[in-house]
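Protein chains in written order, with my numbering: chain A, 188 to 807; chain B, 188 to 807.
To keep things clear, I will list the structure first and then write my remarks on it.
Number of protein chains: 2
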Amino acid sequence: MVEIMGTIRFEPWGREIGTDGQSSLLRLARHHGLPIRAVCGGKKRCGTCRVIVEKCEGRLPSPSPLEREVLGDLLKQNYRLACETVISGDAVVRVPRESRDEEQVILSTGARLVRPRKPRPPVRGYAVKVPAPRLTDLAADRERLLSALREVHGLKRTRLDPLVLKKIPAVLRSQEGHVAVYVRGLREVVDLRPGSAPGPCLGMAFDVGTTTVVGYLLDLASGMQLSVQTASNPQAPFGADVISRISHCRESNGRLAELQELVLNCLNELVAAACAEAQVSPEYILEAVCVGNTAMHHLLLGLDPTHLALAPYPPVLQGALDIKARDLGLRISETGTVHLLPLKAGFVGSDAMACILATGIHQRAPLTLLMDLGTNGELVLGNREGLICCSTAAGPAFEGGHIRCGVRARPGAIDRVQIEPGTLEVSFSTIRGKAPVGLCGSGVISAVAELVRAGVLGGMGGFNQDLDTAGFRKGTEGWEFVLVPSSETPQPHDIILTQKDISEVQMAKAAIRAGAILLQEARGGVPIEQILLAGAGGSYMDPADAREIGLFPPDTPVDAVGVGNAAGYGACLALLDERKRREALKVARSTGYLELAAEPRFQELFVSSMFLGRDGGMDL
Amino acid sequence: MVEIMGTIRFEPWGREIGTDGQSSLLRLARHHGLPIRAVCGGKKRCGTCRVIVEKCEGRLPSPSPLEREVLGDLLKQNYRLACETVISGDAVVRVPRESRDEEQVILSTGARLVRPRKPRPPVRGYAVKVPAPRLTDLAADRERLLSALREVHGLKRTRLDPLVLKKIPAVLRSQEGHVAVYVRGLREVVDLRPGSAPGPCLGMAFDVGTTTVVGYLLDLASGMQLSVQTASNPQAPFGADVISRISHCRESNGRLAELQELVLNCLNELVAAACAEAQVSPEYILEAVCVGNTAMHHLLLGLDPTHLALAPYPPVLQGALDIKARDLGLRISETGTVHLLPLKAGFVGSDAMACILATGIHQRAPLTLLMDLGTNGELVLGNREGLICCSTAAGPAFEGGHIRCGVRARPGAIDRVQIEPGTLEVSFSTIRGKAPVGLCGSGVISAVAELVRAGVLGGMGGFNQDLDTAGFRKGTEGWEFVLVPSSETPQPHDIILTQKDISEVQMAKAAIRAGAILLQEARGGVPIEQILLAGAGGSYMDPADAREIGLFPPDTPVDAVGVGNAAGYGACLALLDERKRREALKVARSTGYLELAAEPRFQELFVSSMFLGRDGGMDL
């Protein structure tokens, strides 16, 4: 138990924080989610974390060399650096406007994303003073704690997570009955800490993708994002897409448990990395939210995903789920809760629901087509009058998979290509400007779009045979176009696009376009006013390229916008605001679902949508 | 997963049970809580488990030699022995009245104990047929299961223990959607099994005593007691009474966890032993109830008991508690729940509440004094108009502790003594008639009472110095009386009662009597109409001996009755009937508590109650 050496009031927020006489003001403030600016990240280099010590009744150390150098005459006005200053005893510290990092308090929002409101987190801290027991009042510790909560904060019928019971006797007696009580959903006490200043109350949001897992560490009270960590999904070696991962599970009995363990280890590593970066204990994380496609959701919970691959593709559950972190094996506080957002169907997961939350299309007027493009494409069409969704197996082409020279989006991956009409001279850009190693998803789309623009590819996807350029040649698998000769790449071969690559792109985009057309027909053919591109495959794609190859249904507006990792952002919204969870349930229930496997016209539309070009299909 | 080879309907109950083609009819019936009589316990010896096979569409083996011998001509009337008969395929089996063990279905009740009503257990099985998923109905497995529960059984707003989710896909598909669903408190699904015949739904009740732990395995549907197991509390080497065990916890940090682990191991061994005896899997145990004194309750939960030993002795909690078996570490079904009955105060535990439930004194007219005598004496006085309780530290004399030749109640322990007035010739009985090894609690009380009756002991507890008998002598620690010379015992010494032993008994009984008098005064001095003696110390004591030494308050009736392990019986009632749990909460809340430490007259009454003799105190 840390001994509290005094209380520091941070102005202008009026937030009182106990000091242990060892942590710097910056560290204390960050632990409690107060946004003090520190460009160097607290490494005592930048001098941006200036604060004014307005009052100090305890020990205040003399200025450090860095403070003398950076602050100079400001020292006389009681300015100090928060990173250098350690106070024992009671004090009042004012954080001036220039040192407040309030722009970054709230999760950064992309274009077209819903702005978060003031957090209304599921877990909140309450300060109470629990009276000591008396011979004339024989109420037990738990009962006195619960009546204090009822009397001071009006929290009725609150119960305790049984594992919190063990903390009660010591916590109630450590600070003369002053206790910070953390309550979930106004009903369940999930943590107790001694002292009157409720300490940090943190949460993690996870976007569990087939290929990549992202974890966001947030302060639940302020909404401040403390860390973002990314890792490859360690299940990937057991199947690049969900279907092959499901098949892997069916091979023998222990496989499902193995895959669950792998993804849990990955989440636990993200928790540890995020906590290390933010210098907080995982014990302070009392809530987590997970989103993912239905197969990832099932594997995370250890649920047999077999039936997701068999018509009619029923998931094991589709509503939301709360599960204790200890029951799942997630190493946050053992009394913390993991919330899984609802999903819609076997191939429309909670990631799609999170994308809807993030973009708010269910609350807005323009009829919007939301395309979450990965190995599986999830499409949502609608507006505040209603949504309808479907899922199409696009294949991995949008992520650079199944492409001869395709690579993941990593440094050196070609993400944009330009081909000069006439000369057919190729120029390109790569991620982080490194030497080119291959084409990532957006590079593939860009290359195909440029070949169409330059007249090299015809509408049916065939190369124009009359071309007379060194870059166009017949290879072992048919015609191919050289984008980068091997002399200009560290690879031992030319970076090329083959006829088969073109077909992969055609099939991927045809599946998406056919699905989008069927959604539009289901909405009575009303014109689409806006297109949002999300997900690993969608958000890095140039919308103009997507239009050029004919990804969109006919007569759609030019206005297509990439919105980044909308699923992860939606998970953060649901972490910070319990109203968003109810919203997700409503959305999941009310959104219509179109099972393309049951649509007789899908096959016909798929074939006609193979056509490359702005019109995008032969049906026009 | 056991393959089901047919369904057997047991008449007259109409209960349908799936057969695996390998288990005998007796075994099937017992697993499902049907009371078929089998005096030999199913060992194929007694021939009492006669049943009539009214219809059999599958394979019925020809009669065994035992069946031919025992049944003779009855074989022609389709009589068979349930222990010998294994049926594959559908069948109807009638259990005739003479083979029904309905007298023993319900937990055996002692005199003055509440008779259990038809069980209304917290967990019940429901049979449903869950429709298969269809392309036109995209409800997930969980959602289809829950709507079937709602539609067929009217169970609304039911949720699942998250760990049950893993079972869903296989169970829903194993018997064409026929599923037995086990629901706790009409709200939480805690188990799922394939097939339409709900299998056994079992429960364990535990009485966790300072010295002895008893576990009862019951069938929740029928109330049948399947096994009773007893073990010594393995914490005993770390302190014979609760105060020394609490002190042990305070010595170093890991001690509490060690004591918790010891008692949990003990409960887990009782579970394993009970399941082995009843030939059932611990997975079928979906509910447990624990009672114990407040210190045992805290140690079981791993709660710091330190403050129980410090005025004002506040417990960590006093209301009831539900905790998942997996969170406690009890190895029944991982989705099972452990319910801890409420307690009243630091020294009036849930065992006292269970005694009240068991004896029903809160619902009856006679003003009753309930004495639960162990190392700690818990006293309850009252009737349906109200109860008041107190706790007195009697010390271990009533259990044979702190007595020179005291032993636990085990074979060879002297439990009754007779001393011929005049000749002072001693005769005695021992437990199971074994050679005498020492005095157990009831033997000590019996010996003291006889010495009083014979005029050997005076009212102040001093030996009559004028005695002239070889058995009366001065030893190293003062006067002593020889009950059994060493020649008549396997012990290397005489079995004696010393002056110090007499003092121990005087102090123990004085504490109890003083507490009882104060309770009576708190009830306005109304005459006590009935005395019930419970607990290890109380229920084996001869009430006449108790009266002889002056254990009871003045002017109490002759009618004192031992009621056995009322606490364990009360735990069984609460296991079988959720209404009893609500009753326990009401009792715990409404029962008054008298803190003897705060009673100025206690000390004076304690001293005057040391007086030995029928009047029991010098105050008369």
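Note that the Cβ used here is the ideal one computed from N, Cα and C, for glycine as well.
Distance CB(residue i)-CB(residue j) smaller than 8 angstroms
i, j, result
"P529/B", "A512/B", "no"
"T579/A", "G564/A", "yes"
"G609/A", "E691/A", "no"
"A314/B", "G755/B", "no"
"G479/A", "G396/A", "yes"
"A418/A", "Q505/B", "no"
"G779/B", "L574/B", "yes"
"V476/B", "A785/B", "no"
Extent of the continuous beta strand (DSSP E) run through residue i
i, result
"I606/B", "A600 to I606"
"R710/A", "It is not in any beta strand (DSSP E) - R710/A carries neither H nor E in the DSSP assignment."
"K511/B", "L508 to K511"
"I472/B", "I472 to G479"
"R311/B", "V310 to K316"
"S419/B", "Q412 to S419"
Three-way DSSP call (helix, strand, coil) for residue i in this model
i, result
"E667/A", "strand"
"Y756/A", "helix"
"G630/B", "helix"
"A580/B", "coil"
"K242/B", "strand"
"V794/B", "helix"
"H589/A", "coil"
"V635/B", "helix"
"L738/A", "coil"
"R287/A", "strand"
"T194/B", "strand"
"R371/A", "strand"
"S251/B", "coil"
"S361/B", "helix"
"H219/B", "coil"
"S777/A", "helix"
Own chain partners of residue i with C-beta closer than 8 angstroms, once the 5 adjacent residues on each side are dropped
i, result
"R344/A", "R374"
"Q551/B", "First, the amino acid is wrong: residue 551/B is Arg here, not Gln. Answer for R551/B: N570 and R571, listed in chain order."
Same chain only: Cβ atoms within 6 angstroms of residue i, ignoring 5 sequence neighbours per side
i, result
"Q291/B", "Low confidence applies to Q291/B: its pLDDT is 33, below 50, so where it sits in the model is not reliable, and the reading given next is rough at best. Excluding residues within five positions, none has a Cβ falling inside 6 angstroms."
"G547/B", "V301"
"M558/B", "L566, L720 and G725"
"Q652/B", "none"
Extent of the continuous alpha helix (DSSP H) run through residue i
i, result
"L457/A", "R442 to A465"
"S431/B", "V429 to E438"
"A721/A", "Element bounds for A721/A: not the alpha helix (DSSP H) but the beta strand (DSSP E), Q717 to A721."
"S383/A", "Careful: S383/A lies outside any alpha helix (DSSP H) and carries neither H nor E."
Cutoff 7 angstroms; reference residue i; Cβ partners in own chain excluding five residues on either side
i, result
"A319/B", "G364"
"G737/A", "K696, R700, F798, L799, G800, R801, D802, G803 and G804"
"G205/A", "I191, T194, G382 and A384"
"A216/B", "F197, I223 and A269"
Under 8 angstroms by beta carbon: chain A residues contacting residue i
i, result
"I632/B", "Here the premise fails: no neighbours, minimum Cβ distance about 32 angstroms."
"E782/B", "L322 and L325"
Interface residues of chain B facing residue i [CB-CB closer than 9 angstroms]
i, result
"L809/A", "Beyond the ends of chain A as shown, which are 188 and 807, falls residue 809/A; an answer cannot be given."
"D491/A", "K353, I355, P356 and A357"
"L486/A", "Those do not exist, as L486/A stays about 12 angstroms from chain B at its closest Cβ, beyond 9 angstroms."
Interface residues of chain B facing residue i [CB-CB closer than 7 angstroms]
i, result
"P320/A", "P499 and P501"
"D514/A", "P349 and L350"
"I510/A", "P349"
Interface residues of chain A facing residue i [CB-CB closer than 9 angstroms]
i, result
"L373/B", "Residues of chain A passing the Cβ test: none, with the nearest at roughly 18 angstroms."
"A785/B", "L322 and T323"
Partner residues on chain A for residue i, Cβ-Cβ distance less than 7 angstroms
i, result
"A482/B", "Those within 7 angstroms of A482/B in chain A number zero; the least Cβ separation is about 13 angstroms."
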